[in-house]
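Below: the structure, in structure tokens.
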Ligand code: BYC
């Protein structure tokens with residue numbers, strides 16, 4: 053796995069014990085690396101709570117990437133042209149790759165990938181709220197690229213400076229690919245907006261359905277963010293949920309104007325004093341109910357992932373059997 057240090061822990065061994073009651077010298081070194089803007093690497097000592105937070109965030113991020121393949125994957129067979137189909141296949145494949153980089157980063161913290169996947173399928177681990185909504189038309193695919201990937205990039209650019217090296221390095225590559233994803237979505241929408249009235253209405257309808265969900269992607273307001281302040285102190289997150297949400301809104305409004313769509317918020321208005329756009333209230337009740345498993349597609353998404361995982365069982369078993377055979381051969385050759 054290209055992103056990672058060479059000494060990935062042996063998955064057969066239990067995760068190293070890192071009690072918070074650390075040797076003061078280790079804790080001092082950890083704090084010094086953070087305050088000097090340096091990187092913590094897989095082999096470095098780290099507080100158990102830092103490791104736990106990273107594992108939670110990175111694994112949820114990995115799950116989001118592979119569940120995120122589903123709403124768009126749904127449209128591969130119905131893409132309107134060969135060009136759009138090729139682009140969409142490449143994009144969905146990229147998301148699968150992002151999941152792999154991120155599961156790899158989580159493994160450097162001592163997690164077993166099989167356990168992480170089990171937690172997703174059993175509903176014990178979260179993934180991004182945004183993937184629990186349906187893609188009703190082709191314009192949704194463009195809007196996912198423009199707005200969902202646009203929000204993802206805004207959130208993920210600061211993660212390239214995350215204090216944990218393997219996560220930060222994975223994010224650099226992911227952000228480069230996300231940038232292509234965002235542009236292809238915006239370009240697809242530009243073409244539709246220059247098309248027929250029906251096409252323009254499809255784009256507006258998709259924007260109306262996705263806009264508020266994208267604002268919620270950044271997570272609860274900072275005042276209600278359980279992990280935000282500590283993650284900022286540790287340099288895992290570099291910006292708060294509200295700041296990133298605001299940056300996203302400020303960047304997106306002019307893009308919407310060029311496109312010729314209306315963002316569905318009558319309170320969206322430039323505020324000269326703040327130097328930002330003001331916006332209307334986000335429906336956090338709806339967000340919480342989606343996180344609790346009651347969004348329109350939660351059950352369908354997990355069922356589809358569970359089926360894909362089961363269908364891939366023979367591939368995993370064959371790969372393991374092959375690896376074991378090669379290991380035995382190598383050992384035989386060495387004796
Ligand atoms: N959805 O204390 P907070 C993509 C949870 S993939 C679900 O602020 P934190 C793409 C949060 O986990 C996009 N859950 O948490 C892929 C926590 O619950 P737990 C994914 C959310 O971690 C394919 C609780 O609410 N991006 O872009 O400090 C195709 C309290 O929140 C959400 C990432 O994962 C949400 N939207 O901040 C196209 C980026 N928001 O864990 C596109 C990495 C909050 O205590 N992650 N929660 O049970 C992060 O940056 C941070 O984890 C978050 C949340 C900003 C998301």
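Numbering (this note's numbering), first residue to last: 53 to 387. Where a beta carbon is used, it is the ideal one built from N, C-alpha and C, also for glycine. All of these numbers come straight from a predicted model, not from anything done at the bench.
query                                                                                                                        : result
Completely contained beta strand (DSSP E) runs for the region 318 to 358, where each covers 3 or more residues               : 321 to 323, 328 to 330
Check: residue 321 C-beta below 7 Å from any heavy atom of the ligand BYC                                                    : no
Separation of residue 309 from residue 161, as counted between CA atoms                                                      : 44 Å
Those residues which DSSP pairs with residue 92 across a bridge                                                              : 216
Neighbourhood of residue 377 by C-beta distance below 7 Å, restricted to the same chain and skipping five residues each side : none
Contact test: residue 149 Cβ vs the ligand BYC heavy atom, cutoff 7 Å                                                        : no
Boundaries (first-last residue) of the alpha helix (DSSP H) holding residue 153                                              : 134 to 159
Residue burial classification, residue 366 (beta-carbon count within 10 angstroms, cutoff 16)                                : exposed
Residue 106 to residue 381 span [Cα, whole Å]                                                                                : 38 Å
The region 231 to 250 contacting the region 193 to 207, beta-carbon criterion three pairs below 8 Å                          : yes
Nearest to residue 313 (by Cα), restricted to the options 159, 342, 76, 238                                                  : 238
Burial state of residue 327 (16 or more Cβ within 10 Å)                                                                      : exposed
Alpha carbon of residue 170 to alpha carbon of residue 135, nearest angstrom                                                 : 36 Å
Length-filtered (4 minimum) alpha helix (DSSP H) runs lying within the region 166 to 200                                     : 190 to 195
Cα-Cα separation, residue 356 to residue 88                                                                                  : 45 Å
Reduced DSSP category for residue 82 - H, G, I as helix; E, B as strand; rest coil                                           : helix
Burial state of residue 372 (16 or more Cβ within 10 Å)                                                                      : exposed
Rounded C-alpha distance that separates residue 241 from residue 251                                                         : 9 Å
Complete alpha helix (DSSP H) runs within the region 267 to 316 (minimum length 4 residues, chain order)                     : 280 to 285, 293 to 311
Own chain, CB closer than 7 Å to residue 55, minus 5 neighbours either side, in chain order                                  : Annotation note: pLDDT 43 at residue 55 (below 50); position unreliable, coordinate value reported separately. So the list reads 153, 156, 157, 218, 221, 222, once near-sequence residues are dropped.
Close-in-space but distant-in-sequence residues of the same chain around residue 343 (CB under 8 Å, 5 per side omitted)      : 178, 181
Counted within 10 angstroms of its Cβ, other Cβ atoms place residue 111 as buried (16 or more) or exposed                    : buried
Check whether residue 189 and residue 345 have beta carbons under 8 Å apart                                                  : no
For residue 225, three-class secondary structure by DSSP                                                                     : helix
Residue closest to residue 211, alpha-carbon to alpha-carbon, out of 146, 159, 291                                           : 291
is_contact[residue 183, chain C] using C-beta, thresh 8 Å                                                                    : The structure shown contains no chain C; it holds only a single protein chain.
Proximity test, residue 280 beta-carbon vs the ligand BYC heavy atom, cut-off 7 Å                                            : yes
DSSP state of residue 258 mapped onto helix, strand, coil                                                                    : helix
Contact test: residue 271 Cβ vs the ligand BYC heavy atom, cutoff 7 Å                                                        : yes
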